[in-house]
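Chains as they are written, first to last, in this note's numbering: chain A, 2 to 189; chain B, 48 to 438.
These notes are about the structure you will find just below.
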Amino acid sequence: MSHLGDRLSALVDGELNGAERDRAHAHLASCEQCRTEAAELRALKQKLSTLMTGAPAEAAMTKRLIALTGPGGPMPARRGLLRVARGSRRAATRASRRPGARGLRGPRSARRRRYLMLGTVSLVVGLGTAAFSAGGAGEAAPGPRITPPVEMYSVEHAITTGQVPFAPPQTSPAASSSAASSSAASLP
Amino acid sequence: MFSSSFLVSRRRGEGRSPLLLAAALVMALPGFLVTACSSQPGTGTAPNEAAAAAVGSVAAAGKAPATERRTSSAQALRLLSQAAQAAILMSYQGQEVVTRWSDGSGSVLVSDIWHVSGGQTVTQTLAAGNSLSSQPYLSSDDDSQAPEGVLGVTAPLIRLLETHYTVVYAGAGSAGNRAAQVVEARREDGSLAARFWLDDTTKLPLEREVFDSASHVISQDMFIQVRFSSQAQAAPVGGPSDPPGPWADPLSHAQLLALPTQGWLVPSGLPGGLLLFTGARTTTSTGTVLDLGYSDGLSVVSVFEQRGHLATKLDGWQRTTVDGHVIYVAEPDQRSLTWSSRGMVYTVMADAPVQTVDAVVGVLPHDTPPGFWKRMSRGFVRLASWVNPFG
C-alpha cells in the first residue's frame, strides 16, 4: 500500500478537491503512519500561524521598556542612556500609534514631571526669599558699628554754644558733692 | 522797656553840665517835634541820643528815628561785645542755672563755674543717676579761638545775632540782685526773640531769655552768686592743670571748605536761618568725628558726623520718627538725635525750637527703604558674593 506523500501536505492545507480528499481520508483511516504525519503537519502549521500574530511581540516590548525605566539597576553610561532614551522614545511613539496602546506613557512619567516642576518652583521661591532677606539690611558699606558718645559730644556742643553742657533732666532730688553743689531737676 | 530806657538816660545824664543840657535841648527842639510826629512804635528815645541827633541840621533831624535805631543797635552790640570779652578776660565764679521748656514741661540744671582770666573754664554739673557731666568739664581758650562764653554770649554768636536779628539797647534792669544793662534781639516782624541782662559794672552776662515766634519762653539761663577777680577761688575739683578735651582747635575756613572733598557732608546752612560758623575734628577709637556748628545767633545746632553705622543695640536711646524718618533720641534729655545713612552716622545736638530741630533732621541724609526690585537685586548680589570662592 502506497502512502499519501505530497498529497498529505495538500490535504492539511485544504488544497485537495472532493474525490481526492475522500480517497486521502480513506487512506488515513487505514494507515496509522500517514495519520501521525498529518497530525504533525497541522501542529506545525498552527505554530506558524501563531507566530504571525502581534500580541506576544507587544508584551515583549512592554517588558523591555519597563525594564529600562524601572529602578534597581545601575545607571547606564551617559551616551548609552541617551541612546536608550531615544530608542525608548521611538518605541513608545510607535507603540502609542497602535490602537489600544494609549496608556503606555503611564502615571510614572507624569509624576516625574510634577516632581521636576515642584523642585523648580521650590528653588525659585527659596532663592527669592533668600535674596529678599539678604537685600533688606541696608547698604553693605564699610565702617564700624557706632554708639554715639553723648558725653563727649555734649561737651563739644557746650563749647560751641558758649554754655555749660545741659545734662538730662532728673526726677530725683539734687545730688551734691563735697567739691561743689550742683543739681538737676524737672519742672512740672 | 521805655521806662528802663529813660532810667538809663537819666543816669547817664547825671554827669553832664545843666547849661550844656539846656543848650542841647534848645537845639534839639525841631528834632524832638519830628520824632514825636513820626510816632515810631517800640523805639525808646533817649534824651542824650536825641540831643546828639539834634546837634546836626534841621534836615538831618528828620532822619532821627533811623539814626536812633542805629545808635541803639550800635550800643547794644557794643555791650554784647564787651560781655563776650568779659567772659574771657575776667576771673569769676558762680552758678549757672539753665532752664529749658518744651511741650509744656521744663527742665532745670544748676552748674558751678570757675573761670580764670584769659585761661580756662571749669564747669561741674552733677546729674543724679547719670554720668553725663558728672566729672568736671574743662574748656580752654588760651588762643582765644574757642567760642568761650557765658550764657551763649560769644563773639561768633554775636556776629550771627547781628546778621539775623535787630539788636537794640533796652535800658537798665537788674538780675541776680545786680544792676544790669538790658539788650534785646528782635525779629524782622518786631517780635521779641531774646533778652540779655549784662552786669552793669563788668558787662558779664547775668541772664538770658529766649522766646519762640509765639512769644513763649523756651529757655532761661541765669548766672547767679557771681564773684569776680579777687573774690574768685580756685576750682576745687579738676583744676586748670587738667588736660584739655579731645577736640582740637576749631577748623579754619580753608579747612572747612576742604571737608567736602574728603567725603564729609558740610552744608553751608540749615533750616531756620542757621549758618555754619565753626567746626572741629577729633579722633576716637572708632574713627574720626567731625563737629559742625550752626547758629543764627540764638539757636545753636551741632551736627556730628562719623563714618560707620549705628550699633545694633543702642542703650539709652529710643527709636522714634521725625518727618517720616526713623531716628533715635537720647533718653531722657530728648535733645540729642542720631541716625545713620549711607555709611555715615549723624548725631544732632540742638539748643533750638522743636520746629527748627525737626526741619534740620529733615534736610540731612536719610536712608529710604529700597524698592522691591532694588532689594532683590542687592540680595542676589550679596548671595553671589557669599558663594563666590574668590570673593
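Ideal Cβ placement from N, Cα and C applies to all residues, glycine included.
All figures in this text were calculated on a predicted structure; none of them were measured in a lab.
- In the displayed model, residue 152 of chain A falls within a helix according to three-state DSSP.
- Note that the region 144-160 of chain A touches the region 349-363 of chain B; at least 3 beta-carbon pairs, one per stretch, sit closer than 8 angstroms.
- As a beta-bridge residue in DSSP terms, residue 375 of chain B pairs with B/366 and B/385.
- With the rule of 3 Cβ pairs closer than 8 angstroms, the region 3-18 of chain A counts as touching the region 28-41 of chain A.
- Bounds of the alpha helix (DSSP H) holding residue 420 of chain B are 419-434.
- In the structure shown, residue 321 of chain B falls within a strand segment according to DSSP collapsed to helix, strand and coil.
- The count of Cβ pairs closer than 8 angstroms, one atom from the region 359-373 of chain B and one from the region 319-337 of chain B, stays below three, leaving the stretches out of contact.
- When the beta-carbon positions are compared, residue 254 of chain B and residue 222 of chain B come within less than 8 angstroms of each other.
- Membership of residue 398 of chain B in the beta strand (DSSP E) is indicated by the continuous run 391-398.
- In the DSSP assignment, residue 349 of chain B falls outside any alpha helix (DSSP H) and lies within the beta strand (DSSP E) extending over 347-354.
- The alpha-carbon of residue 165 of chain B is positioned some 59 angstroms away from that of residue 432 of chain B.
- Across the region 404-416 of chain B, CB contacts with chain A closer than 7 angstroms involve 414, in sequence order along the chain.
- At a cut-off of 8 angstroms between beta carbons, residue 122 of chain B makes no contact with chain A.
- Taking residue 10 of chain A as the centre and dropping the five residues before and after it, the same chain places the C-beta of 42 closer than 8 angstroms to its C-beta, in chain order.
- With respect to chain A, the C-beta atom of residue 274 of chain B has no partner C-beta closer than 8 angstroms.
- Looking at the DSSP output, residue 160 of chain B bridges to B/141 and B/170.
- The residue among B/347, B/169, B/420 and B/201 with its C-alpha nearest the C-alpha of residue 266 of chain B is B/347.
- Residue 266 of chain B is bridged by DSSP to B/147 and B/257.
- DSSP, read as helix, strand or coil, puts residue 337 of chain B in strand.
- Remark: C-beta atoms of residue 227 of chain B and residue 214 of chain B do not approach each other more closely than 8 angstroms.
- Looking at the DSSP output, residue 147 of chain A sits in a beta bridge with B/357.
- Chain A has a Cβ within less than 8 angstroms of the Cβ of residue 334 of chain B.
- For a cut-off of 8 angstroms, the C-beta gap from residue 322 of chain B to residue 342 of chain B is around 7 angstroms, short enough to register as a contact.
- Residue contact check for residue 146 of chain A against chain B: a CB pair falls below 8 angstroms.
- Judged by their CB atoms, residue 216 of chain B and residue 129 of chain B are not nearer to each other than the 8 angstroms cut-off.
- Beta-bridge annotation (DSSP): residue 201 of chain B is not paired with any residue.
- In this chain, residue 21 of chain A is not harboured by any beta strand (DSSP E); it is covered by the alpha helix (DSSP H) spanning 19-31.
- For residue 403 of chain B, the enclosing alpha helix (DSSP H) covers residues 401-410.
- Chain B places a beta carbon closer than 8 angstroms to that of residue 151 of chain A, counting this residue as a contact.
- Within the model, the alpha-carbon separation for residue 263 of chain B versus residue 237 of chain B is close to 15 angstroms.
- Fewer than three pairs of CB atoms, one per stretch, sit closer than 8 angstroms, so the region 241-250 of chain B makes no contact with the region 374-387 of chain B.
- Distance from the CA of residue 117 of chain B to the CA of residue 310 of chain B, rounded to the nearest whole angstrom, comes to 44 angstroms.
- Residues of chain B whose Cβ lies closer than 9 angstroms to the Cβ of residue 127 of chain A do not exist; the shortest such Cβ separation is about 11 angstroms.
- Using a Cβ distance threshold of 8 angstroms, residue 218 of chain B and residue 229 of chain B count as a contacting pair.
- By the Cβ criterion, the region 417-425 of chain B is not in contact with the region 389-405 of chain B, since fewer than three pairs of Cβ atoms, one from each stretch, lie closer than 8 angstroms.
- Take residue 153 of chain B, set aside five residues on each side of it, and the residues of its chain with a beta-carbon closer than 8 angstroms to its own are 146 and 147, in chain order.
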